[in-house]
Amino acid sequence: MADEDDPELVKLRAALDRRIGEAQLPEIILGVDAEVRFSWIMLGREPRSASELLMVYAGVLAHGTALSAAETARMIPQLGAPAVRQAMRWASDERRLAEAHRAVLSFMHRHPICATWGRPDLASSDMMSLETAKRVWQARPEPRRQTPSIGIYSHVRDRWGIFHAQTLVLNEQRQAGAAIEGVMRHEELEIAQLAVDTHGYTDFAMALAKLLGFDLCPRLKALKDRHLFVPRGTEVPEKLRPICRAIIDVMSWCTRTTSTSS
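Right, here's the structure in full:
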């Protein structure tokens with residue numbers, strides 16, 4: 103049975119809905135662009151016409167919704183499919199797209215309400231597979247669907263907003279390196295903890311992350327079957343006793359090491 107909502111929370115949610123009112127996606131896009139000018143960043147200059155501005159928005163929407171140029175053009179009567187295809191090529195510039203993304207993310211986090219969404223120094227990362235064309239050189243068969251797919255490894259702040267994403271080849275590498283890379287490429291965010299799953303960690307990666315100034319915090323698969331081995335006689339806190347095994351004989355190990363060295 104689901105918990106009932108706090109009456110105060112219900113009242114607050116209703117008050118926020120009344121304050122915000124109804125908004126259409128085009129109005130939101132224009133409002134954000136007016137604040138951060140991400141269209142200028144995408145073009146590398148000021149838009150010269152309304153059609154050029156629409157092309158920037160169409161390119162971003164096409165890539166973000168996985169729609170074709172023709173499908174996107176049907177939603178925007180002022181543009182044809184060739185214009186949308188050109189806009190999609192603009193949006194494929196990774197450097198400009200990343201710069202525009204940082205500007206929008208920074209604008210979102212300037213709002214005071216973001217402080218209620220979570221911790222500023224906590225983030226999580228994981229990979230999802232997206233179906234793609236077979237001709238893409240990084241495409242590999244997805245294990246479940248057996249369709250050509252590519253891995254997208256994304257980092258999300260606890261206060262929401264994807265701050266880093268990169269492509270990975272499916273089933274051919276661990277994700278720990280990508281997890282660390284995403285944090286190091288955005289040192290301005292001061293991430294202290296990064297939550298990952300079993301695929302996103304190795305013991306070496308946890309040590310490396312610690313040396314780089316943050317903690318890699320894995321949620322491990324089959325955790326009940328994993329144990330922490332400590333020297334005999336170690337005082338283990340009550341909460342850790344179920345997962346600890348105090349069976350290491352330090353003196354015996356030291357003796358063997360000394361004999362081998364001799």
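The numbering of the sequence shown is our numbering, which starts it at 103 and goes up by one.
From the three backbone atoms N, C-alpha and C, an ideal C-beta is built for every residue, glycine too.
Residues sharing a beta bridge with residue i, DSSP
i: Gly-133; result: Gly-133 is not bridged to any residue.
i: Met-177; result: Paired residues: none, contrary to the question.
i: Ala-297; result: Ser-226 and Cys-319
i: Gly-253; result: Ser-231 and Leu-270
i: Ala-348; result: Val-332
i: Ile-264; result: Val-258
Selected residue, minimal CA-CA separation from residue i, among the options
i: Ala-200; options: Pro-184, Glu-110 and Leu-145; result: Leu-145
i: Ser-153; options: Ala-297, Ala-168, His-257 and Pro-184; result: Pro-184
i: His-301; options: Leu-322, Leu-310, His-257 and Lys-312; result: Leu-322
i: Ser-226; options: Val-186, Ala-193 and Gly-284; result: Gly-284
i: Ile-143; options: Ile-131, Leu-132, Ile-130 and Val-158; result: Val-158
i: Glu-274; options: Arg-246, Arg-242 and Thr-249; result: Arg-242
i: Arg-259; options: Val-186, Arg-328, Arg-204 and Ala-172; result: Arg-204
i: Gln-295; options: Leu-318, Glu-110, Ala-136 and Val-134; result: Leu-318
i: Thr-167; options: Arg-147, Met-190, Ala-311 and Glu-340; result: Met-190
i: Ser-256; options: Arg-187, Val-298 and Asp-228; result: Asp-228
i: Val-298; options: Thr-336, Leu-310, Glu-289 and Ala-281; result: Ala-281
i: Arg-187; options: Ala-171, Pro-179 and Met-177; result: Ala-171
i: Leu-155; options: Leu-169, Arg-176 and Leu-181; result: Leu-181
For residue i, three-class secondary structure by DSSP
i: Asp-305; result: helix
i: Thr-269; result: strand
i: Ser-208; result: helix
i: Arg-191; result: helix
i: Val-112; result: helix
i: Pro-214; result: helix
i: Leu-258; result: Here residue 258 turns out to be Val, not Leu, going by the sequence shown. Val-258: strand per DSSP, three-state reduction.
i: Arg-242; result: strand
i: Gly-182; result: coil
i: Lys-236; result: coil
i: Asp-107; result: coil
i: Glu-283; result: helix
i: Gly-123; result: coil
i: Ser-198; result: Note that residue 198 is Arg in the sequence shown, not Ser. DSSP places Arg-198 in helix when its eight states are reduced to three.
i: Trp-219; result: coil
i: Arg-276; result: coil
i: Leu-163; result: helix
i: Ser-153; result: helix
i: Glu-337; result: coil
Own chain partners of residue i with C-beta closer than 7 Å, once the 5 adjacent residues on each side are dropped
i: Ile-350; result: Phe-331, Val-332, Pro-333 and Arg-334
i: Arg-261; result: His-211, Cys-216, Trp-219, Gly-220 and Pro-222
Rounded separation between residue i and residue j - CA only
i: Glu-292; j: Ser-208; result: 14 Å
i: Pro-214; j: Ile-122; result: 15 Å
i: Leu-313; j: Arg-237; result: 40 Å
i: Ala-193; j: Gly-161; result: 6 Å
i: Pro-250; j: Val-271; result: 11 Å
i: Glu-129; j: Phe-316; result: 39 Å
i: His-165; j: Thr-174; result: 10 Å
i: Ala-324; j: Phe-265; result: 30 Å
i: Ser-141; j: Arg-120; result: 30 Å
i: Val-138; j: Arg-147; result: 13 Å
i: Asp-107; j: Ile-178; result: 40 Å
i: Lys-341; j: Arg-347; result: 13 Å
i: Glu-290; j: Thr-269; result: 22 Å
i: Gly-133; j: Gln-126; result: 11 Å
i: Glu-311; j: Leu-163; result: Sequence inspection shows Ala at residue 311; the Glu mentioned does not correspond to that position. Those two C-alpha atoms are separated by around 35 Å.
i: Glu-233; j: Gln-248; result: 10 Å
i: Lys-326; j: Gly-263; result: 32 Å
i: Lys-113; j: Glu-124; result: 18 Å
i: Ala-235; j: Leu-169; result: 13 Å
Residues of its chain near residue i, where Cβ-Cβ distance is below 8 Å and the 5 sequence neighbours each way are ignored
i: Gln-231; result: Looking at the sequence shown, residue 231 is not Gln but Ser. Glu-244, Ser-251, Ile-252, Gly-253, Ile-254 and Leu-272.
i: Arg-87; result: The chain is shown from 103 up to 364; residue 87 falls before or after that span and cannot be answered.
i: Thr-304; result: Arg-276 and Ala-278
i: Val-352; result: Pro-333 and Arg-334
i: Ile-131; result: Tyr-159
Chain B within 8 Å of residue i, Cβ atoms only
i: Ser-256; result: In the displayed structure, chain B is absent; only one protein chain is listed.
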